[in-house]
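Q:
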Amino acid sequence: MKNTSTIIPVYQPDCQVNSWKKLLKEAVSTPASLLEAVGLAEHPIRLQLAELSEFKTRVPQPYIDKMTKGNPDDPLLRQVLSHQNETITFSGYSKNPLKEEHNAIPGLLHKYKGRVLLILASACAVNCRYCFRRHFPYQDSLASGAQLENALSYIAKSPSISEVILSGGDPLMVSDSRLFEVIAKLEDIPHLKRLRFHTRLPVVIPQRITQALVDRLNHSRLKISLVLHINHANEIDSLLSEYLALFASSKITLLNQSVLLKGVNDSLDSLQELSEKLFENKVLPYYLHLLDKVIGAAHFEVNTNVAVKLIEELQKRLPGYLVPKLAREEPGRASKTVIA
Ligand SMILES: *Cc1c(COP(=O)(O)O)cnc(C)c1O
Ligand code: SF4
22 MKNTSTIIPV YQPDCQVNSW KKLLKEAVST PASLLEAVGL AEHPIRLQLA ELSEFKTRVP
82 QPYIDKMTKG NPDDPLLRQV LSHQNETITF SGYSKNPLKE EHNAIPGLLH KYKGRVLLIL
142 ASACAVNCRY CFRRHFPYQD SLASGAQLEN ALSYIAKSPS ISEVILSGGD PLMVSDSRLF
202 EVIAKLEDIP HLKRLRFHTR LPVVIPQRIT QALVDRLNHS RLKISLVLHI NHANEIDSLL
262 SEYLALFASS KITLLNQSVL LKGVNDSLDS LQELSEKLFE NKVLPYYLHL LDKVIGAAHF
322 EVNTNVAVKL IEELQKRLPG YLVPKLAREE PGRASKTVIA
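Here our numbering is used: the first residue of the sequence shown is 22, the next is one more, and so on.
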């Protein structure tokens with residue numbers, strides 16, 4: 022006899038969608054509550070906090086889950102806990118170190134040949150304290166509505182552009198349905214070959230990698246790559262691994278870009294562990310960026326000579342394909358500058 026009471030698990034995409042949006046909405050939003058969440062509410066570190074109104078605390082719970090509780094030096098906590106140092110202005114640091122201009126076409130940044138940056142979202146799911154875009158007026162430079170149409174027609178009229186890079190803010194802040202609309206419009210531009218996402222969202226909310234998203238990207242006529250922004254091996258926990266595995270049988274290329282950050286990943290062991298863990302998850306290291314000198318981030322700076330030495334030592338320990346390119350952005354150049 023058939024047992025009619027058996028519950029068959031049904032795949033419900035809506036559950037997943039609601040779950041990432043809910044996690045985003047419930048993100049921790051003050052330094053004090055962040056300290057409490059990691060068991061440091063009474064720690065002297067609380068006296069060094071500074072909440073900045075222009076760049077508020079924002080940390081989703083899945084990211085907090087990866088931190089070691091009770092450790093004020095945790096490399097993940099350090100990336101997101103605001104500190105009094107952010108209010109000090111050091112020489113050589115400015116509000117807009119890359120001299121990114123308001124573009125003629127809002128939402129589009131065409132600095133390098135053959136590829137353009139299209140900015141779909143003004144915010145990120147996390148506010149990283151070292152971020153070079155903390156002072157950037159995103160709200161005015163977003164490709165939405167009529168501005169998106171303008172940006173798309175610029176791309177359509179520029180046959181030299183073969184790759185569109187969705188950046189931000191974080192492009193995955195946009196809902197799947199809206200993202201799919203934009204992808205469809207890009208697919209209609211015949212000279213485009215590649216579509217790239219630069220995102221940190223899956224690192225802080227792995228649930229953002231919905232099955233619908235993976236399927237849509239996998240069925241695009243464009244060659245798609247996802248450049249994740251992972252800075253430390255501890256950011257790749259079993260939950261993120263599980264979600265990254267959804268890409269395993271897809272045609273999508275997974276790459277990673279990190280920023281070299283003092284007290285976070287500025288050691289040989291830490292960089293080696295990161296590269297190895299990335300590869301275990303089918304992600305290849307791409308760039309290791311030197312910090313952009315933005316006001317408020319000076320306490321993360323790693324000296325260039327130290328950085329070069331780290332890369333040289335890393336080359337001795339790892340196969341070439343697991344050593345990221347050490348790069349820096351310099352205003353007015355035709356590409357990023359590779360240093361080692
Ligand atoms: C980094 C960047 C790119 C992409 O450069 P790649 O070397 O291809 O990764 C494109 N446009 C802008 C404005 C950038 O900052
Ligand atoms: S995810 Fe990237 S762009 Fe967003 S705050 Fe962090 S470093 Fe900045």
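Backbone N, C-alpha and C fix where the C-beta goes; we use that ideal spot for every residue, glycine too.
In the structure shown, what three-state DSSP assignment does phenylalanine 268 receive?
A: Helix.
Q: With distance defined between alpha-carbon atoms, name the residue in Ser246, Thr108, Ala62 and Pro65 nearest to valine 304.
A: Here the closest residue by C-alpha is Ser246.
Q: With DSSP as the reference, identify every bridge partner of arginine 349, one or two as the case may be.
A: DSSP lists Thr358 as partners of arginine 349.
Q: Closest to serine 271 by C-alpha separation, out of Gln168, Gln105 and Leu238, would be which residue?
A: Residue Leu238 is the option with its Cα nearest to serine 271.
Q: Have a look at leucine 102 and valine 235 and give me their C-alpha separation to the nearest angstrom.
A: Taking the straight line from one Cα to the other gives about 32 Å.
Q: Is isoleucine 251 near ligand 1, going by C-beta to nearest heavy atom under 8 Å?
A: Incorrect: isoleucine 251 has no Cβ contact closer than 8 Å to ligand 1.
Q: Is the distance from the Cβ of lysine 214 to the Cβ of lysine 178 below 9 Å?
A: No.
Q: Comparing alpha-carbon positions, which option in Pro127, Thr51 and Glu184 lies nearest alanine 167?
A: The residue with the shortest Cα to Cα distance from alanine 167 is Pro127.
Q: Under DSSP, the alpha helix (DSSP H) around arginine 242 begins and ends at which residues?
A: No alpha helix (DSSP H) contains arginine 242, which DSSP labels as neither H nor E.
Q: Which value, in whole angstroms, describes the spacing of the CA atoms of isoleucine 29 and phenylalanine 201?
A: With a pLDDT of only 49 at isoleucine 29, under the threshold of 50, the placement of this residue in the model should not be trusted, and no figure is reported.
Q: Going straight from the alpha carbon of isoleucine 182 to that of tyrosine 133, what length do you get?
A: In a straight line, the C-alpha of isoleucine 182 is about 10 Å away from that of tyrosine 133.
Q: Mind checking serine 74: buried by the 16 CB within 10 Å criterion, or exposed?
A: With fewer than 16 other Cβ atoms within 10 Å, it is exposed.
Q: For alanine 172 and proline 211, what's the separation of their Cα atoms in angstroms?
A: Approximately 16 Å, taken between the alpha carbons.
Q: Any beta carbon from chain C within less than 9 Å of glutamate 208's own beta carbon?
A: The structure shown contains no chain C; it is built from a single protein chain.
Q: Tell me the rounded alpha-carbon separation between serine 279 and leucine 260.
A: Cα-Cα distance, rounded: 20 Å.
Q: Touch check for the segment 283-293 and the segment 77-88: three-plus C-beta pairs under 8 Å?
A: Judged by Cβ distances under 8 Å, the segment 283-293 makes no contact with the segment 77-88, as fewer than three pairs qualify.
Q: Could you have a look at histidine 64 and say whether DSSP puts it in helix, strand or coil?
A: Of the three classes helix, strand and coil, the one that applies to histidine 64 here is coil, per DSSP.
Q: If you follow the alpha helix (DSSP H) that serine 279 is part of, which residue opens it and which one closes it?
A: No alpha helix (DSSP H) contains serine 279, which is instead part of the beta strand (DSSP E) from 274-280.
Q: Entirely within the segment 287-337 and at least 4 residues each: give me those alpha helix (DSSP H) ranges in chain order.
A: The qualifying runs are 289-301.
Q: Would the C-beta of isoleucine 140 count as close to ligand 1, meaning under 8 Å from any of its heavy atoms?
A: No, the beta carbon of isoleucine 140 sits no closer than 8 Å to any heavy atom of ligand 1.
Q: By how many angstroms is the C-alpha of tyrosine 307 removed from the C-alpha of phenylalanine 153?
A: Cα to Cα, phenylalanine 153 sits roughly 19 Å from tyrosine 307.
Q: From Val147, Leu138 and Arg155, pick the residue whose C-alpha is nearest to that of alanine 164; which is it?
A: Per the Cα distances, Leu138.
Q: So what does DSSP say about phenylalanine 201, is it helix, strand or coil?
A: Helix.
Q: From Lys357, Ala269, Leu193 and Glu333, pick the residue whose C-alpha is nearest to that of valine 225; which is it?
A: The candidate whose alpha carbon is nearest that of valine 225 is Leu193.
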